[in-house]
Amino acid sequence: MVRTQDGRNGPLLVTGGAGFIGSNFVLRHLRDQSAGPVVTLDALTYAGNPHNLDALAADPRHTLVQGDILDRDLLRQLLRDHRPRAVVHFAAESHVDRSILGPGAFLKTNIDGTFHLLECAREFYGTLQGEEREQFRFLHVSTDEVYGTLEPGDPAFHENTPFAPNSPYAASKASSDHLVRAWHHTYRLPTLITNCSNNYGPFQFPEKLIPLVIGNALAGKPLPVYGDGQQVRDWLYVEDHCSAIETVLARGTVGETYNVGGNNQQANLHVVETICALLDELAPANRSYAEQITFVTDRPGHDRRYAIDARKIQRELQWFPTQDFASGLRQTVQWYLDHQSWVENVTSGAYRDWIDTNYGDRTSGAKTPAETVAR
Ligand code: NAD
Ligand code: TYD
1300 MVRTQDGRNG PLLVTGGAGF IGSNFVLRHL RDQSAGPVVT LDALTYAGNP HNLDALAADP
1360 RHTLVQGDIL DRDLLRQLLR DHRPRAVVHF AAESHVDRSI LGPGAFLKTN IDGTFHLLEC
1420 AREFYGTLQG EEREQFRFLH VSTDEVYGTL EPGDPAFHEN TPFAPNSPYA ASKASSDHLV
1480 RAWHHTYRLP TLITNCSNNY GPFQFPEKLI PLVIGNALAG KPLPVYGDGQ QVRDWLYVED
1540 HCSAIETVLA RGTVGETYNV GGNNQQANLH VVETICALLD ELAPANRSYA EQITFVTDRP
1600 GHDRRYAIDA RKIQRELQWF PTQDFASGLR QTVQWYLDHQ SWVENVTSGA YRDWIDTNYG
1660 DRTSGAKTPA ETVAR
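Going by our numbering, the letters in the sequence shown line up with residues 1300 to 1674, in that order.
Laid out in structure tokens, this is it:
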């Protein structure tokens, strides 16, 4: 593939680009008509969906390759043939509850996969010279969950907060962050890391809280709130995360980590109630959706609170989120209402098996909010 004169518009290799955040990133990137080509490498696991990228079917700048980040021959071939100016690494197993029930896949993809990708990127970087070498970046997309959990009054996570991952998912992501750091420190691979808070928005797989609640509400099913529902997450609209990644790619200092968040901390129960209120307005039924809220057995080792201190990316790179939670959540709920066939397509037999596995035992002692108050 021919590189453009302007290195900023050179090709990108995006791993996991058919997943939730990856597909939003690729779609957003190519909305800019001056953007260069994108090669999406995705194993198309249960969480990856090629139809997320349907809007690019006629765009000659986009290539979707189905493949695994553990496949070094494929990685080498893609790097050699497309000569990306950057690797943007989203590919991962990403759902905490799945990591509790089956951690093996998380260690394999998130740790081994990142290792193979780093090694192939290092080999490729070693062949580059001049401007191509100067411009090359390896951007690793990570999570705030590597920092562990906060108590109510604790200060938010900053880039130097010690890692204290609590779930197999968080531990696997923390391990991959350490690998990326070491490949920069030891081999001088020009890496960048972003650690972002919880995302929400279009194309999120309906095993995660927000799309799960929207889907269950519309289907008349219980809305499962783990434990007391007072766990706090710092929610960021997915497009804002994508713009942060573009910003770090363009202007981030090599070897640095940037925390990304919307300074928007919400308790889970409040999030679920807000979704119910939006649905009462946008898709009214004969009773409030909030009546479907059901408290279920908590997640083992459930982190109590996440909060991100995003002042570094704001101060150094002038990145700021554009959506607040009210507008972002309204858009998200409307998107799911408008895309119910997308939800039906991704919620296949395997998805239903997962719902039975994850929620089957939890709901045996389930309580509605009214029953909980009465206790
Ligand atoms: P996702 O589960 O929706 O998508 C992951 C994608 O990776 C899928 O398309 C899947 O097919 C692909 N994939 C999985 N294993 C692969 C492999 N071995 N080889 C190639 N592709 C593979 O996840 P997401 O929510 O879009 O998260 C993307 C990245 O962002 C992850 O690294 C995650 O840790 C990170 N992150 C997510 C959030 C969030 O709130 N969702 C927040 C911060 C960081
Ligand atoms: P999730 O979307 O799985 O993201 P993460 O675990 O990475 O933060 O969950 C968000 C929060 O919602 C988390 O505190 C767990 C909680 N939760 C529920 O209460 N019920 C559910 O059915 C799910 C999936 C999550």
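Glycine included, C-beta positions come from ideal geometry on N, C-alpha and C.
Under DSSP, the beta-bridge partners assigned to Q1564 are D1533. Put simply, of D1380, H1381 and T1408 the residue whose alpha carbon is nearest the alpha carbon of H1388 is T1408.
Here D1380 is exposed: its Cβ has fewer than 16 other Cβ atoms, across all protein chains shown, within 10 Å.
The beta carbon of L1311 lies closer than 8 Å to those of H1328, G1335, P1336, V1337, V1338, P1383, R1384, A1385, V1386 and V1387 in the same chain, with the five residues before and after it left out.
If the five residues before and after N1585 are omitted, its C-beta is found closer than 6 Å to no C-beta atom of its own chain. Q1503 has its CB nearer than 8 Å to a heavy atom of ligand 1.
Taking C-beta separations shorter than 7 Å and ignoring five residues to either side along the sequence, the partners of P1349 in its chain run A1317, L1343 and L1363, following chain order. Contiguous alpha helix (DSSP H) elements confined to the stretch 1342 to 1428 occur at 1371 to 1381, 1395 to 1400 and 1413 to 1426, taking only those with 4 or more residues. Judged by the Cβ position, V1537 fails to qualify as a neighbour of ligand 2 at the 8 Å threshold, every heavy atom of the ligand being at least this far. Fewer than three beta-carbon pairs drawn from the stretch 1533 to 1551 and the stretch 1576 to 1590 are found closer than 8 Å, and the two stretches are therefore not classed as touching. In the three-state reduction of the DSSP assignment, S1626 falls in the helix class, which pools H, G and I. Relative to ligand 1, the nearest heavy atom lies less than 8 Å away from the CB of N1348. Under the three-state reduction of DSSP output, Y1557 falls in the strand class. Within the DSSP bridge table, the entry for T1490 names F1437 as partners.
H1394 places its beta carbon less than 9 Å from that of F1504. For the options R1651, G1600 and Q1633, the alpha carbon positioned closest to that of T1448 is the one of G1600. The Cβ atoms of K1472 and F1319 do not sit closer than 9 Å to each other.
Per DSSP, V1445 lies in no beta strand (DSSP E) and is assigned neither H nor E.
Annotation for Y1658: no beta strand (DSSP E) segment contains it, though the alpha helix (DSSP H) segment containing it runs G1648 to Y1658. Per the DSSP secondary-structure output, P1599 pairs with nothing in a beta bridge. According to the DSSP assignment, L1311 belongs to the beta strand (DSSP E) that extends over L1311 to T1314. For R1487, the closest alpha carbon among the candidates S1647, A1576 and L1417 is that of L1417.
L1369 and G1321 have their C-alpha atoms spaced approximately 18 Å apart. The continuous beta strand (DSSP E) containing P1523 extends over residues L1522 to Y1525.
For N1323, the enclosing alpha helix (DSSP H) has its first and last residue at F1319 to R1330.
Per DSSP, the unbroken alpha helix (DSSP H) holding K1611 starts and ends at R1610 to L1616.
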